[in-house]
Structure formats: C-alpha cells, structure tokens
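Read top to bottom, the protein sequences are chains A and B. Positions in the first sequence are counted from 1; adding 184 to them yields this note's numbering. Positions in the second sequence are counted from 1; adding 184 to them yields this note's numbering. Beta carbons: idealized from backbone N, C-alpha and C, even for Gly. Please read these numbers as outputs of a predicted model, since none were measured by experiment. Just below is one structure, and these are the notes that go with it.
Protein chains: 2
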Amino acid sequence: MNLFEKTGKMALGSRLRLFTARITEDAAKIYELYDVDLVPKWFPVFFVLSEDGENTVTEIASQIGHSQPSVSKIVKEMTAGGLVKENMKSSDKRRTVVALTKKGRAISERLRIQCLDVDAVIDSIISEARSNLWEALEEWEYLLDQKSLLNRVQEQRKQREGREIEIVEYHEKYQEAFKALNEEWISKYFVIEDTDRKALDNPKSYILDNGGRIFVALYKGQPVGVCSLIKMNDPDYDYELAKMAVSPAMQGKNIGWLLGQTALAAARELGASKLYLESNTLLKPAINLYHKLGFKKVFGRATPYARANIQMELSLGED
Amino acid sequence: MNLFEKTGKMALGSRLRLFTARITEDAAKIYELYDVDLVPKWFPVFFVLSEDGENTVTEIASQIGHSQPSVSKIVKEMTAGGLVKENMKSSDKRRTVVALTKKGRAISERLRIQCLDVDAVIDSIISEARSNLWEALEEWEYLLDQKSLLNRVQEQRKQREGREIEIVEYHEKYQEAFKALNEEWISKYFVIEDTDRKALDNPKSYILDNGGRIFVALYKGQPVGVCSLIKMNDPDYDYELAKMAVSPAMQGKNIGWLLGQTALAAARELGASKLYLESNTLLKPAINLYHKLGFKKVFGRATPYARANIQMELSLGED
DNA sequence: GCCAATTACATAACTAGTTATGCAATAATA
DNA sequence: TATTATTGCATAACTAGTTATGTAATTGGC
C-alpha cells in the first residue's frame, strides 16, 4: 500500500476501509473453517444474547453500536437460521424480546473454541507488531469521544489561519479598505448614517488626529478586517471601540478577536482605563466577540447612531 | 465501547467497521467545512490523477486498491461533477484515459491546504495516543501480506488440537478401534485382504509378540488414530511402518504426524536402522505424510498386498 | 490471416450497513 | 378521560463498496 505513504494521513478513512474489508473477508472464511453456522455479521448480536440470555432489539443495538434497523434485520436472519426465537413473553407489546434457541446455545459452545484460537492469533500479531492496533483503536475511540475529528480540524484550521493573519497599524493606503469593509456590513443590515460618513471618509482627521488608533488585519498582504479606537470626550470613558469590520469571506477565522486584542493592548498602552462601544443585537457574532473580549452591557447613554440598541463597556484595570 | 473488552479480539472486524464509519462520517463534514467540491470517496482517485496527470481506470484501481468497477463508477461521478475528462487520445480504444479538468486542478490546490490541516490533526492524535494507529495499520498490512489471518488461524487450530492429542501404547481395550479405524479406510478405497485380517484380528500375536509395537492416538480419551511397527524378517529392513489409520472426522489435525514421529522414535529406541512401508499413490495425504517423515521411494520388493503400488524406506541413522 | 485468448471497461445484482419514515403500543398531560 | 408525545420496531430507500458477467478491442498461436 505504497499509496498511503504519498497521500498522507488524509487517506486514513480509505486505508481503514480497505483494511476492514480485508479482515472481514478472512473472518468469513474462518467461520467456514470451524463449521460454525454463523454469518460473521451476526456475531455482535449473538454475543450479546449469549451473555444476557435475552434482550430487546433496541437494547442490543445500543450495546453493539449498530442502528436499530440493522439489529432488526440481523435478528430476522438469525430467526430464519433457527438460532434465535423472537416474541418471548413481554408485558409491553411493542418490544420484541429475543433469545437464543437450543441450536443457538449449541453453536455458542463451538464458537467459544473458535474465539480462543482467533484471540491467540490476533494477540500474536499484536505482539509481532511494534504498534498495538487494538490499543490504538481503544485510544482513538476515547480521544474522539473527548473531541471529534471535525472539531479538531476546525480548531487546527483556525489556528493556522490565525498565524497567517497580520495586524498592522493604519496607513493611508488602507483608507479605501477601511471604508469599503465598514460600508459592506452597515449597508447590509442598516443604512449608512452621517456619523458613519464622517469617520469613514476622513479617518485621519476624525480618528487619528484626535488621538485615536486604527488597526488593519492583513491576510496575504490584503486588508480583510479593520477596527478603531476613537478618543471620547467623556468623564466615564477614554476610548470607543468602533468601526470593527471583517470581510464576510474571511469570517470565522478569528480575525475579529485578533483585532480586538490588538486594540485592547493599544488602549492599555495609551493609559486608558475604560472602553465603550455601541452595537446592535442583530449582529450576534459581533456581540459574542465583545463578550469574549470582556465587554459588559450598560444602559442609558445618548448615542448619535440610530442603529445602536446595545451599549457595552470594559474596565481595563481588571486583567 | 465496553462491548469489545468482553468479546475479545474476535470482534476486531466489527470494531474496525464501526471505527471506520465514525472516521468517514467526520471526513464528509470536513470536506464540507473547507467547501471543497469533492465527495470523500473520490479522494483516492483524485489523488492519483493529480499525481500522475492522467491514467486509465484499471491502473487507478490497482493503485488505490479498489476494484475496477468501483473506479469506473467514481470516474463517472467525477465526470458529471466536471472534475475529470474521459477518453483522452489513446491508440488502444478499449482504454479510458482519464485526466483532471481545469476545475479539478483548481480544487487540487484548495485540497492541499485541507490535507495539511487534517494531517496535522491526525498527527497530533497519534502523538496523544500511546499506540500509533497509522503505524499499526502499516505493520498489519505487512504481516498479513506475509501470512493471511486465515492461515494463521488454521495453524493455531492445528497446534491447539495437536496439544489435545495424546499418543499411548497399545492396550487390549483398543483392539476394536485398531481394527475399525483400519477397516474404514481400506474398505473405502480397496478391499480387505487376508493379510489385513491376520493383523487386525490378532494384533497381539501378529505384531506385538513378534517384537513389534502399536501406538494409539487419543483425543479426549477416545482412540482416533493408530499405527504400528511390524518386525520384518529381512536383511535390509528392521521394521515395517504399517496399519496407519486416522478417523476421517479427525483428519487434518496432524495426528498422522504425531503417530509417525512416535513410531520413529520407538524404532530408534529398539535399535532399528532402516524402516520400510507400502502404500498406494491414491492415498495422497498419506504419501505426503510419509515424505514429511523422511521416507523415500524404493522399487522392486515383493509384497503380499494387492493394493500396494508404492514402496518407501527410511534410514534412521540420518538424523 | 483467422480463431481463440486476453484485456479494458461497463453494467447488473448483491452486501452490510445507514437514514428517513410510518405504525402500533404505551406514557404523559390537560 | 381524551388527546398528545414518546417509544419500539419494521420497512423502504440510499451508500459505498463488492463479485459476476457481458462486450468490444487487441494480442497471440498455428
């Protein structure tokens, strides 16, 4: 299987499928060898019944990790084969209580011997190999229970992309992007107001010259997100966190968090002790981000924006 | 998956199937996450094509370890998806030469990034676990190439059964078995001759009292095989190995070999230097056994048996 | 140079699972 | 107590592979 050295781990699924097919193919021949009148796929159901005596279809399914229809089919086949009898007494008429027949129990004995031989063989293969397949499966099952493969890949992706994002200080060449990125989300959910235009058209005079800051997130050199600290003339707050925007195509890559963190660090450096922001509860990801950054809801300030329906603050001394 | 601790290694196939299903399920979601327009099962074919540039259906199948119809189907689906074009120029009109389209090559680039992330995740899971699943699969593939699971189980069974066989010295209580076991095979292939009757009816006077030996193979206390050393009045040979019989139900369990080895050891103990036997080439397993015991074909001795068409000898000094 | 064997692929039918859905029987609730 | 929700199972339709088989195109042997 030279192929898998080239494809890398990505093909783990394919490799497992081929490997499983190979094992089950030989398994079928082994049953034949021992003349045990049992189809390999019956084994898990058969095993549970020989342990438990009798059981219902759904309960067997949950024990062996199959779906209920799968067990339903297998029980039907086993009944046809005379290994199992259904519809034992049960007060609940929905349930099909299944048990081994005499013939089934007889097979159980022969199967025990086969199990011993197969067990010994697999143990010997395990001891021949340096890595223990059986243990590895057990460990993977445990690790994937803790966190699924999908979750792990999602996190890995976020991390990698985070590493590819660079947060830089504002420069005139980003003015177009600063305006465009903000207009994009504002006009999508609301309408652009006069106060917006002032800031977006003249970031230098309106924000920077007043002692504010603007940060730009670059992905492969291209601006994909912006945010600003605007100096406030207010006894309660030093700066407003405003004009936070991330390109829709780049959302979910943690860019907002990186911009926010940079802005917070800058505010601390500037000696700020309290930040303020306004937003709208329609923008759920943004509100979430602000919460994650440490902002808390406050009430009752006047705002120049028609769209603002939530106001938040953050005390920088806290951490 | 507590079940697998109870079932033991016998359920390796089932465990693998469940595990594989789990992995491929998440794999599908990962493709979705990366917005790669590729069905997971296409991956191996896609990979080969992006490596090789173009290739035929059968060659791809052999490279990825699928059956040819499987690749046939996948190529059809990929063609419908616009990733692949078939029937490139080829002098041999039977062959379908397949290559990636422009769209396919574009996806190849995005897929590369996904591969990097997945690879990193799987590597990290591998490093979290004590047993290395990827290596274990590789080792199992190698070990099963050397000797299949079926072969290993067959050998294990033979060994186990061999341990349950006990070879004992003849006793009067085994006279019935000695006669019955021999009559069974003789009458099946030939007819019972007078010389047979002499030995079978009076083993004590005909064999033992003349300085010969008889051995009985017991399985769970029951006689299932016999063989004898008959003293010969001959300058060339000391004993004849004769009246070897194993119950048909117990054949293939190495019983003949055990009986033969015991007889050879006894002959050595008795100071014999050369053994002789007669048989018929119809009895292939027997001839094979005699070869394995070290007997070599000889020609031209007179025999009292009509059925004998092969004669063999063994020099005991040799080992 | 023709007929048989082989090769390359397609198609059909099967396997061992799955999800989706429907139908009774039972439990919960207003 | 009547209605609604839930449970337990069966059935149908689907998936990703397989083997068996059929059909052209090519190769090989006499």
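For Ser463(A), the uninterrupted beta strand (DSSP E) run begins and ends at Lys458 to Ser463, by DSSP. Taking every protein chain shown into account, the CB of Ala361(B) has 16 or more other CB atoms within 10 angstroms, so this residue is buried.
Taking 8 Å as the cut-off, the beta carbon of Val268(A) is found no closer than this to the beta carbon of Val241(A). Proximity of Leu328(B) to chain A, defined by a Cβ-Cβ separation below 8 Å, is satisfied. A Cβ-Cβ distance of about 22 Å is found for the pair Ser315(A) and Ala205(B), leaving them out of contact under the 8 Å criterion.
For Lys481(B), the enclosing beta strand (DSSP E) begins and ends at Lys480 to Val482.
Spanning the alpha carbons of Lys427(A) and Ala383(A) requires a straight line of approximately 9 Å. DSSP places Arg341(B) in the uninterrupted alpha helix (DSSP H) bounded by Leu333 to Glu348. Proximity of Asp301(B) to chain A, defined by a Cβ-Cβ separation below 8 Å, is satisfied. In the three-state DSSP reduction, Ser275(B) falls in the coil class, being neither helix nor strand. Here Val375(A) is exposed: its Cβ has fewer than 16 other Cβ atoms, across all protein chains shown, within 10 Å. Here the alpha carbon of Lys480(A) sits roughly 5 Å from the alpha carbon of Met496(A).
For the 8 Å CB-CB criterion, Asn366(A) and Ala429(A) form a contact. The contact set of Gln445(B) on chain A, defined by CB atoms closer than 7 Å, is empty, because the minimum CB distance reaches about 23 Å.
In summary, His250(A) is buried, with 16 or more beta-carbon neighbours lying within 10 Å of its beta-carbon over all protein chains present. At a beta-carbon threshold of 8 Å, the residues of chain A lying near Ser332(B) are Asp210, ordered along the chain. Bounds of the alpha helix (DSSP H) holding Leu365(B) are Gln359 to Tyr373.
Two segments are said to touch when three or more pairs of C-beta atoms, one from each, lie closer than 8 Å; by this definition the stretch 228-235 of chain B does not touch the stretch 195-203 of chain B. If you draw a straight line from the Cα of Pro224(B) to the Cα of Thr208(B), it comes to about 8 Å. The alpha-carbon separation between Phe203(B) and Glu325(A) amounts to approximately 8 Å.
Using a CB distance cut-off of 8 Å, Leu284(B) does not count as an interface residue toward chain A. DSSP, reduced to helix, strand and coil, places Tyr423(A) within a strand of the structure shown. For the C-beta of Glu323(A), the chain B residues within less than 7 Å are, from N- to C-terminus, Ala313, Arg314 and Ser315. At a Cβ-Cβ threshold of 8 Å, Val220(A) and Ile248(A) do not count as neighbours.
Against Ser198(B), the close residues of chain A are Phe227 and Pro228, in the order they occur along the chain (beta-carbon pairs closer than 7 Å). Against Gln338(A), the close residues of chain B are Leu217, in the order they occur along the chain (beta-carbon pairs closer than 7 Å). Nearest CB-CB separation between Met194(A) and chain B: below the 8 Å threshold. Here the stretch 289-305 of chain B lies against the stretch 334-344 of chain A, with 3 or more beta-carbon pairs under 8 Å apart.
Identification of chain A residues near Glu235(B) by a Cβ-Cβ cut-off of 8 Å yields Lys190, ordered along the chain. Per DSSP, reduced to three states, the secondary structure at Thr285(A) is coil, with no helix or strand assignment. Using a 10 angstroms sphere on the CB of Leu477(A), the tally of other CB atoms reaches 16 or more, which defines it as buried. By the criterion of at least three beta-carbon pairs nearer than 8 Å, the stretch 450-467 of chain B is in contact with the stretch 407-423 of chain B. For the stretch 358-392 of chain A, the set of residues with a beta-carbon nearer than 9 Å to any beta-carbon of chain B is empty. In the DSSP secondary-structure assignment, Ala401(A) is bridged to Ile351(A) and Gly409(A). Non-local C-beta neighbours of Ile494(B) in its own chain, meaning closer than 6 Å and more than five positions away in sequence, comprise Ser463 and Thr465, ordered along the chain. Listed along chain A are Lys193, each with a C-beta nearer than 9 Å to that of Asp307(B).
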